[in-house]
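J.: Here it is, the structure, as structure tokens.
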Amino acid sequence: MTNLLIVGNPFTDEERSRLSAAHASAFVGTPADIAAMDMTLRTEVRAIAYKGHLPFDAAAMDALPNLGVIANFGVGYDAIDVAAASERGIKVTNTPDVLNDDVADLAVGMMLGFARDMVRGHLLVASGKWAEQALPLNRKMSGASVGIVGLGRIGREIADRLAAFKMDIHYTSRSEKQTPGWTYHADVVDMAKAVDWLVIALVGGPETVNHVGRDALQALGPDGVLVNISRGSTVDEGALLDLLESGQLGGAALDVYNNEPNIDPRFRALTNAHLQPHQGSGTVQTRRAMAELQLANVTAFLNGEDLSTPVN
Ligand code: NAP
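Going left to right, the sequence shown walks through residues 1 to 312 as the numbering used here numbers them.
See the structure below:
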């Protein structure tokens with residue numbers, strides 16, 4: 001009896017083996033492949049272990065008549081139509097908290113990488129041309145002001161780290177938090193006017209599309225830097241590219257984009273951006289912790305126990 005369907009090509013062999021060792025399972029590469037599965041197998045499946053950013057929509061759910069849980073690998077579940085899942089009585093789970101440190105570490109690393117021109121510095125040393133060429137002076141990060149867009153679990157970890165860099169911390173959130181010494185702004189454009197760096201740590205999904213728009217990026221200005229570790233959808237990407245190309249925005253440090261991994265080729269020509277390939281949680285230790293939490297949710301559901309980290 002195949003209880004578990006593993007969906008998503010980004011699963012590593014180790015992650016898939018761990019899931020298959022615990023539960024009788026089958027595998028498909030994408031949600032769209034589910035409809036083509038044998039009907040008997042589709043009827044057996046009660047749980048999904050999902051990894052990826054392709055939409056997991058109502059049609060994929062309807063192809064599995066006994067589906068009870070979609071356990072997502074990752075804290076961001078914007079690829080899954082949670083409203084459709086709830087309507088069908090299907091639970092959705094994610095993997096929060098275990099990845100906060102790594103995502104926050106990468107955000108700070110990208111900021112330093114951009115500010116101190118570390119990629120160009122490495123390339124200069126590695127090229128053997130250090131004796132002929134100096135690295136141009138770059139930007140001081142410590143002591144600058146930063147606005148965190150979304151002071152949730154990850155945003156808070158980023159802010160705590162940047163406070164240790166003696167940065168003046170500003171933030172937006174739907175509600176003011178108990179954070180003495182930090183400045184709350186109800187409006188992202190107002191905050192962008194007040195800071196040197198803007199770091200987006202929002203959830204993705206339809207409610208936050210273009211939350212940071214052209215007006216906020218213009219307010220950040222030619223000396224300002226945008227950092228995004230959330231989802232490509234949370235910033236107006238066309239405006240971001242226009243303003244970076246024209247120098248109306250000083251720079252960007254990005255881990256996330258629309259249409260990953262086939263991102264807009266305009267990004268590749270930028271000289272004022274530090275780009276990473278969506279690797280915020282990409283350490284051996286954290287990916288293992290995420291895999292364990294996903295498996296714990298699947299196992300709890302199949303055993304009729306409380307889910308560890310439900311979303312709906
Ligand atoms: P979280 O704790 O839920 O925090 C999310 C933040 O988004 C909160 O500040 C929340 O505001 C805000 N928010 C939620 N819905 C909103 C809305 N409709 N309008 C405006 N703000 C809204 O989530 P988290 O664990 O920190 O994760 C944040 C995101 O990071 C994930 O959803 C994921 O997309 C992304 N992520 C990226 C990577 C990577 O590899 N780059 C890795 C992990 C996660 P309130 O404070 O008002 O509730």
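Even for Gly, the Cβ is constructed at its ideal location relative to N, Cα and C.
Being a predicted model, the structure only gives us computed values, none of them experimental.
#1: Using only alpha-carbon positions, find the residue among Met141, Val199, Phe165 and Ser142 that is nearest to glycine 152.
#2: I'd like the span of the alpha helix (DSSP H) that includes histidine 122, first residue to last.
#3: Restricting to Cα atoms, I'd like to know which of Asp187, Ala59, Ser175 and Ala194 is closest to isoleucine 169.
#4: Compute the distance between the beta-carbons of glycine 316 and tyrosine 50, then report whether it is under 8 Å.
#5: Report yes if the C-beta of threonine 43 is less than 7 Å from at least one heavy atom of the ligand NAP; otherwise report no.
#6: Identify, in the order they occur along the chain, each residue of the same chain with its Cβ nearer than 7 Å to the Cβ of threonine 286, setting aside the five sequence neighbours on each side.
#7: With a threshold of 7 Å (Cβ to nearest heavy atom), would valine 92 be considered close to the ligand NAP?
#8: For glutamate 44, which residues of its own chain have a beta-carbon under 8 Å away from its beta-carbon, when the five flanking residues on both sides are left out?
#9: Rounded to whole angstroms, what is the Cα-Cα separation between glycine 74 and threonine 234?
#10: Would you mind sorting proline 206 into buried or exposed? The rule is 16 or more other CB atoms within 10 Å of its CB.
#11: As a quick exercise: from Ala159, Ala252 and Ala58, pick the residue whose alpha carbon is nearest that of glycine 224.
#12: Taking only the alpha-carbon atoms, compute the straight-line gap between glutamate 260 and isoleucine 80 and give it to the nearest angstrom.
#13: Taking the C-alpha atoms as reference points, what is the distance between leucine 220 and tryptophan 197?
#14: Can you give, in chain order, each stretch of the alpha helix (DSSP H) that sits fully within the segment 58 to 97 and has at least 4 residues?
#15: Where does threonine 309 fall in DSSP's three states?
#16: Just reading off the alpha helix (DSSP H) that phenylalanine 114 is part of, what are its end residues?
#17: Check whether the Cβ of threonine 40 lies closer than 8 Å to any Cβ atom in chain B.
#18: Below 8 Å, can you find three or more Cβ-Cβ pairs linking the segment 107 to 116 to the segment 130 to 144?
#19: Measuring CB to CB, does valine 227 end up less than 8 Å from methionine 61?
#20: If you draw a straight line from the alpha carbon of alanine 192 to that of alanine 216, how long is it in whole angstroms?
#21: With DSSP collapsed to three states, give me the class of serine 142.
#22: Use the C-beta contact count for arginine 174: other C-beta atoms within 10 angstroms, 16 or more gives buried, fewer gives exposed.
#23: With valine 108 and isoleucine 158 assumed to form a contact (beta carbons below 8 Å), what rounded beta-carbon distance in angstroms separates them?
#24: In this structure, what does DSSP give as the bridge partners for phenylalanine 11?
#25: Determine, using beta carbons only, whether asparagine 312 and valine 92 come nearer to each other than 8 Å.
#26: Are proline 31 and leucine 64 closer than 8 Å when you measure CB to CB?
#27: For arginine 161, verify whether its CB is less than 7 Å away from any heavy atom of the ligand NAP.
#28: In angstroms, rounded to a whole number, what distance separates the CA positions of alanine 201 and leucine 137?
T.: Well, looking at it:
#1: Your numbering for residue 152 matches position 152 in the sequence shown. Distance check between glycine 152 and each of Met141, Val199, Phe165 and Ser142 places Val199 closest, using alpha-carbon atoms only.
#2: Residue 122 sits at position 122 when you count from the first residue of the sequence shown. Unbroken alpha helix (DSSP H) run through histidine 122: 118 to 127.
#3: On the sequence shown, residue 169 is found 169 positions in, with the first residue counted as 1. Of the listed residues, the one whose Cα sits closest to isoleucine 169 is Ala194.
#4: Because the chain is modelled from 1 through 312, residue 316 falls outside the range shown and cannot be assessed.
#5: The sequence position of residue 43 within the sequence shown is 43, counting from 1. The answer is no for threonine 43.
#6: The count along the sequence shown starts at 1 and reaches residue 286 at position 286. Contacts found: Val98, Leu99 and Asp102.
#7: The residue you call residue 92 lines up with position 92 of the sequence shown. No, the ligand NAP has no heavy atom inside 7 Å of this Cβ.
#8: Your numbering for residue 44 matches position 44 in the sequence shown. Contacts found: Met1, Thr2, Asn3 and Asn66.
#9: If you number the sequence shown from 1, residue 74 lands on position 74. If you number the sequence shown from 1, residue 234 lands on position 234. Rounded to whole angstroms, glycine 74 and threonine 234 show a C-alpha spacing of 17 Å.
#10: Residue mapping note: residue 206 aligns to position 206 of the sequence shown, counting from 1. Using a 10 angstroms sphere on the CB of proline 206, the tally of other CB atoms stays under 16, which defines it as exposed.
#11: As a first step, residue 224 must be located in the sequence shown, where it is residue number 224. With distances taken between Cα atoms, glycine 224 lies closest to Ala252.
#12: The residue labelled residue 260 in the question sits at position 260 within the sequence shown. The residue labelled residue 80 in the question sits at position 80 within the sequence shown. A straight line joining the alpha-carbon of glutamate 260 with that of isoleucine 80 spans about 17 Å.
#13: Start at 1 with the first residue of the sequence shown, and residue 220 comes out as number 220. Start at 1 with the first residue of the sequence shown, and residue 197 comes out as number 197. Taking the straight line from one Cα to the other gives about 8 Å.
#14: Listed in chain order, the complete alpha helix (DSSP H) runs (minimum 4 residues) inside the segment 58 to 97 are 58 to 62 and 82 to 87.
#15: Translated into positions along the sequence shown, residue 309 becomes position 309. Three-state result, threonine 309: coil.
#16: In the sequence shown, counting from the first residue as 1, residue 114 sits at position 114. It spans 100 to 115 - the alpha helix (DSSP H) in which phenylalanine 114 sits, taken as one unbroken run.
#17: Among the chains in the structure shown there is no chain B, since it carries only a single protein chain.
#18: Yes, they touch.
#19: The residue labelled residue 227 in the question sits at position 227 within the sequence shown. The residue labelled residue 61 in the question sits at position 61 within the sequence shown. In terms of Cβ geometry, valine 227 and methionine 61 do not form a close pair [threshold 8 Å].
#20: As a working mapping, residue 192 is identified with position 192 in the sequence shown. As a working mapping, residue 216 is identified with position 216 in the sequence shown. A straight line joining the alpha-carbon of alanine 192 with that of alanine 216 spans about 6 Å.
#21: Residue 142 sits at position 142 when you count from the first residue of the sequence shown. Of the three classes helix, strand and coil, the one that applies to serine 142 here is coil, per DSSP.
#22: Locating residue 174 in the sequence shown gives position 174, counting from the first residue. By the 10 Å Cβ count, arginine 174 comes out exposed.
#23: Counting from 1 along the sequence shown, the entry for residue 108 is found at position 108. Counting from 1 along the sequence shown, the entry for residue 158 is found at position 158. That pair is a contact at about 7 Å.
#24: Mapped onto the sequence shown, residue 11 falls at position 11. When DSSP reads this structure, phenylalanine 11 sits in no beta bridge, so it has no partner.
#25: Within the sequence shown, residue 312 is the residue found at index 312, counting from 1. Within the sequence shown, residue 92 is the residue found at index 92, counting from 1. Yes. Within cutoff.
#26: Position 31 of the sequence shown holds residue 31. Position 64 of the sequence shown holds residue 64. Going by C-beta atoms, proline 31 is not nearer than 8 Å to leucine 64.
#27: As a position in the sequence shown, residue 161 is number 161, starting the count at 1. Outside the cutoff, so no.
#28: Taking the first residue of the sequence shown as 1, we reach residue 201 at position 201. Taking the first residue of the sequence shown as 1, we reach residue 137 at position 137. Alanine 201 and leucine 137: Cα-Cα distance of roughly 29 Å.
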